[in-house]
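First comes the structure, then the notes that go with it.
There are 2 protein chains.
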Amino acid sequence: MAVYTIEFQPLGRRGRCRDGQSITDCARGLSIGINYICGGVGTCQSCKVRVTGGTVSAPTSSEMDAFSPEELEAGWRLACQTHPLSDCTVTVPAESMTTPQRTQVEGLEIATEPEPPVRAYDLQLKAPSLSDQQADADRLLAALRRQHQVHCRRVDIDVLRALSQQIRSRDWQCQVSVRDDEVVAVGERAARQLGLAVDLGTTKIAGYLVDLDTGNTLAARGMMNPQIECGEDVVTRISYITGSPDGGPRLQVLAVEALNQLAGELTAEVGESSEAILEAVVVGNTASHHFLLGLPVTQLVAAPFIPAVGHALDIKARDIGLRIAPGAYVHLLPNIAGFVGADHVAMLLATGVWQEEGPIVALDIGTNTEVSLVCNGRITAVSCASGPAFEGGHIRDGMRAAAGAIERLRIVADSSPGGLVQWQTVDDAPPVGICGSGVLDALAQLYLNGIVTREGRMVSDHPLVRGDGRQREFVLAGGEERSGRHAVGITQQDIRELQLAKAAIRTGIQALLDNNDCAEEDIRKVVIAGAFGSYIDVSSAMDIGMLPSLPRERFWQVGNAAGAGARLALVSTRRREEARTVASRVEYLELASSPNFMQTFTEATYLGRYRLRHGSRQEIV
Amino acid sequence: MAVYTIEFQPLGRRGRCRDGQSITDCARGLSIGINYICGGVGTCQSCKVRVTGGTVSAPTSSEMDAFSPEELEAGWRLACQTHPLSDCTVTVPAESMTTPQRTQVEGLEIATEPEPPVRAYDLQLKAPSLSDQQADADRLLAALRRQHQVHCRRVDIDVLRALSQQIRSRDWQCQVSVRDDEVVAVGERAARQLGLAVDLGTTKIAGYLVDLDTGNTLAARGMMNPQIECGEDVVTRISYITGSPDGGPRLQVLAVEALNQLAGELTAEVGESSEAILEAVVVGNTASHHFLLGLPVTQLVAAPFIPAVGHALDIKARDIGLRIAPGAYVHLLPNIAGFVGADHVAMLLATGVWQEEGPIVALDIGTNTEVSLVCNGRITAVSCASGPAFEGGHIRDGMRAAAGAIERLRIVADSSPGGLVQWQTVDDAPPVGICGSGVLDALAQLYLNGIVTREGRMVSDHPLVRGDGRQREFVLAGGEERSGRHAVGITQQDIRELQLAKAAIRTGIQALLDNNDCAEEDIRKVVIAGAFGSYIDVSSAMDIGMLPSLPRERFWQVGNAAGAGARLALVSTRRREEARTVASRVEYLELASSPNFMQTFTEATYLGRYRLRHGSRQEIV
């Protein structure tokens, strides 16, 4: 019997596949979690992969349904329907993976030539004597000049405080870490120089421990942002600050202590302590950036929405309470506007789209969604108040993507009355709620199956619909009330929330297109960044009119690109310069004052696939 | 009757003098405190002045006694014996003034072309709007570029924290203070920019509030160094640190809180607050410098006596707890060695002697006495452990120069048995003790009157000598026990302490001369800096062999030259560069390991006037 080797990208895993097995079979054998909602019968279309090398079986009828001829031509297949006929390379997009696997994908490395801001030098000092009484710091700087031709003028005060004891206890041997013309750390000779990159999100904080000399990520870790105790979104947190004199300091401390915890945990993973971190880069939205630095925010939320600072900052870590190497700095990438922050800059930097010709749409979906359009060398950006619906907020059974959250959902034709609802939960746990990607799938499926109209009204005459008014609900799971569990459903009110959220995003994209006099269909690429954006089924997003309807291959779900951008900036001063260029080139458009704003927004609340242009909507037949 | 105008320098005061009045009469009329020990009869020779303009009466016999023909030729006179015959200019050396007046002299300004490290710019910002959403800090920097052609890249984080509110509350007008490429303060438009210069002495701290743009001293203030609670001298304080884990932090806090208090008091004098201070310069001996910065000191007191840092430092004031303008820096001049600190550099800078050809001896007398010799373009320095005797320490009736301290003393021929002891006390209060300058006078007078031998033994057969052994004592005042006050005297043990102290200084001077193969008599100038050095009678110092015997006009008592150097460095970046040059050019000699050290020291314990050279002593006849 023939056995083939299948290589799964971007995970970089290889496995053996016996003749007759499907790609899904092979993947499951390797514990690669490819979606499997319908149990492998080809109906849920949630296991889309792209075969980029080798020969596979001919498309089945399920696959002919799932893909256009162009997509099939480009290698798009359903993993459960496809049987390798030779060694193959298979690319699995994030959306086709189950949650734990997607988390791995988020760790994708974007290679860059390291040009670290901090460099280490080994020194052997001559011990002083009565005939050579040069001061310790001066001796160190002279040795740097003589032994390494490095002309350094300053030694950080905290480094100075420890220096005399350090060099004496190490018999006058040491490693010196230099940043610009300043010594920021002195210690024992270490094999590697550590840096910390942080994506400080409103809800989640992602931290990466990076080898500054190689650019390799040594450890990665996420945690909830503890500032949630002061409000779920930035506007609530700003109200918390304006309402209490201790509010600002409280938010500052919560943020920095979270970073201290992350630094401690990440370094512990590699057997080091936080003090070994020689440089940090933090990106976040403008408000989170301001919270972390203790900058004023009241002017951020009142027109004309002005950040305290836009340009990139280099701040002594101790000045914000970050406990890493004594003299280390934290670098903050530039902010673009009050609601387009350094995280967006980092995303543009990591994806590189800012240097392309376009038209390219790049967006990071969250409570606040930032969108940029790269078009003919011009970059314009807007910020859309998309609200917390996609993070499970304001949705009756909404929850984060934790165990038991419905993350994928299909309604398939079946003998059941009204069809069968198939779902997949995080960790395959019994369903207890629905997370953002599940909500998106649900709305798309309800619309496609005629249970919700294009205006967003839920029909009353469907077997799985119950209740009335805003409480009218479509039961997704648990309706049979077996095992006493509460049913999980989508309500009419949930749908209204989702319509507002997705309309905000679509309006933002449209405002940029209109401003650049660019048509939707000309968009060459749509970059979707951020945790939520990586999880969504792009087809569902198009089906509900959240994203313009475009060929599937034009979408690029990049995971936590802000974190990737932070890592690039961490290890490369040239990338920091690039980030400055990016930020200075982006023109911010105030969405609310763009032409046809209300008109576009109203049209964008419609479900289904349609084209928008200058405030008018045209159905795609 | 003729009336003349007399100008007193360096006080810059003018007064009218009637025909027949003495210079002393005129001075007292102006409340200028010229010494007056003998009541104006010309016997105490303590009112030496120099007439530098105008015509005065012919020298009296007292003046012929007091001065050499060359000195008289140069204008030296006794103020009580001299009657102006025209408008005159009279220079009063510090040694001829009473204590309160000398304190004023210490405020002497040494003019420099201000090149302040911090410059202020007035800005009128354009208010932001929905069509102009530039961030506050970026707007500020852009306005600096546009309105003043100042290219500034950074805004201090603490300035950033206050900026948004500041510019909004001031209707977008503000004054920006720039240091190098950083904004260190933003505030309302101020008429002047303030700086703080501090001479951080072991015993006393002198603070000066300076206008950075003009270089003028606006206020000056002295205070006791509160670190005295941890030890009277630096060695005791270092023991305090090594003996307690909280010792270092305690000394650091004491020092910086003293500076904070000084800053508060000085700025209050001119109607400002400490936050208006935009830059500080601190000079002190190496140990005090290290205490203030929280640097380690154990390596300072053990051979080979190494400072943690020698080069000049620019440190954020907040990093040492100094509460001045939010982003302000404190600049610390370079240290030369473990026991020759930035205060000595400041003194060399202020006096300018480092640029002269020499031979010049420059010394700052204190518990530790630093001496430099400038000779043929070479500068060598030593440090002498002179002890606290000159500050009243280890002297039975010793005290600081406070009210009631005997500060000047003469023994004059009289019908009293053994002569009459004449003295002057600080503030003319009843005598309660004796301060450094009084101790020096006392020893000289005892030696000159044969009551103490050149070996330092007090004779037993003098009417005013009583007691025996090390307790043998010469009663200076209060011996009659009227009004129940304790007698003030000098004991045999006091004399031994003084011999060791003065021998240490003379040995230091001699080691430098020997090292440069230079003879004492070739010294062109002796610069005596520091509080004590300004108060001493130089003739007394020569009579006890503390200083080489040289013509009176070669001595220059410069008061607190370290404070003057700190002020120069405060207002001029060029002077800071000069200080770096000075520090790098000074060669430090370890006194204890210099040739003939013990021999020279032994010879230098002798009283009287003599020449030393390579360890041998030759009396001056």
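Chains as they are written, first to last, in my numbering: chain V, 1 to 621; chain D, 622 to 1242.
Just so you know, even glycine gets a beta-carbon here, dropped at the ideal spot from N, CA and C.
Treat the numbers as computed from the prediction; the structure is a model and nothing was measured.
Using beta-carbon distances, Gln133(V) counts as an interface residue toward chain D, with a partner under 7 Å.
Under the Cβ distance rule, Val930(D) counts among the residues neighbouring chain V, one pair being separated by less than 7 Å. In this structure, the CA atom of Ala58(V) is about 9 Å from the CA atom of Gln81(V).
Neighbours of Ile1000(D) across chain V, judged by C-beta separation under 8 Å, do not exist; the nearest C-beta is about 16 Å away. The beta carbon of Ser1007(D) is closer than 6 Å to those of Thr990, Ala1122, Ala1125 and Ile1126 in its chain, skipping five residues each way along the sequence. When rounded, the separation of the alpha-carbon atoms in Ser244(V) and Ile778(D) is 22 Å. Per DSSP, the unbroken alpha helix (DSSP H) holding Ala1187(D) starts and ends at Ala1182 to Val1192.
Within chain V, the residues Ala135 have their CB atoms less than 8 Å from the CB of Asn956(D), given in chain order. DSSP, reduced to helix, strand and coil, places Gln754(D) outside both helices and strands of the structure shown, so it counts as coil.
Residues of chain D with a Cβ closer than 8 Å to the Cβ of Ala303(V) are, in chain order, Leu751. Counted as a single uninterrupted DSSP element, the beta strand (DSSP E) harbouring Lys937(D) occupies residues Leu934 to Lys937.
The C-alpha of Val776(D) lies about 19 Å from the C-alpha of Asp181(V).
Proximity of Ile238(V) to chain D, defined by a Cβ-Cβ separation below 7 Å, is not satisfied. Residue-level contact by beta carbon holds for Glu1211(D) and chain V, with a gap shorter than 7 Å. Between Ala219(V) and Leu212(V), the C-beta gap is not smaller than 7 Å, which leaves the two residues out of contact.
Scanning its chain for C-beta atoms nearer than 7 Å, with the 5 sequence neighbours on each side dropped, one finds around Val582(V) the residues Val345, Leu348, Leu349 and Trp354, in chain order. Going by beta carbons, Ala325(V) and Glu275(V) fall inside the 7 Å limit. His331(V) sits in a strand when the DSSP states are folded into three classes.
The C-alpha of Glu391(V) is placed about 38 Å away from the C-alpha of Val56(V).
The Cβ-Cβ distance between Leu934(D) and Leu913(D) does not fall below 7 Å. The segment 735–748 of chain D and the segment 799–815 of chain D touch, with three or more beta-carbon pairs separated by less than 8 Å. Excluding residues up to 5 positions away in sequence, Gly433, Ile434, Val488 and Gly489 lie with their Cβ nearer than 7 Å to the Cβ of Asp397(V) in the same chain.
If you look at Phe688(D), you'll find it isn't in any alpha helix (DSSP H); DSSP assigns it neither H nor E.
Scanning Leu1189(D), Ile644(D) and Ser689(D) for the CA closest to the CA of Val713(D) turns up Ile644(D).
Taken in chain order, the unbroken stretches of beta strand (DSSP E) that lie wholly in the segment 426–493 of chain V and span 3 residues or more are 473–477 and 488–491.
When beta bridges are read from the DSSP output, Ile528(V) appears opposite Leu363(V) and Gln557(V). A distance below 7 Å separates the beta carbons of Arg77(V) and Val51(V). Check the Cα spacing between Val235(V) and each of Gly436(V), Ala302(V), Leu163(V) and Glu269(V): the tightest is with Ala302(V). One finds Val309, His311 and Leu313 in chain V with Cβ atoms closer than 9 Å to the Cβ of Val776(D), taken in chain order.
Here the segment 883–890 of chain D lies against the segment 814–828 of chain D, with 3 or more beta-carbon pairs under 8 Å apart. Uninterrupted beta strand (DSSP E) stretches at least 3 residues long and entirely within the segment 152–185 of chain V occur at 173–179, given in chain order. No Cβ of chain D is located within less than 7 Å of the beta carbon of Ile324(V).
Leu765(D) is outside the set of residues whose beta carbon lies under 7 Å from a beta carbon in chain V. Of the candidates Cys851(D), Pro737(D) and Gln882(D), the residue whose Cα lies closest to the Cα of Pro870(D) is Cys851(D).
For Ala219(V), the pairing in a beta bridge is given by DSSP as Leu209(V).
Residue state for Ile1130(D) is assigned as helix, using DSSP reduced to three classes.
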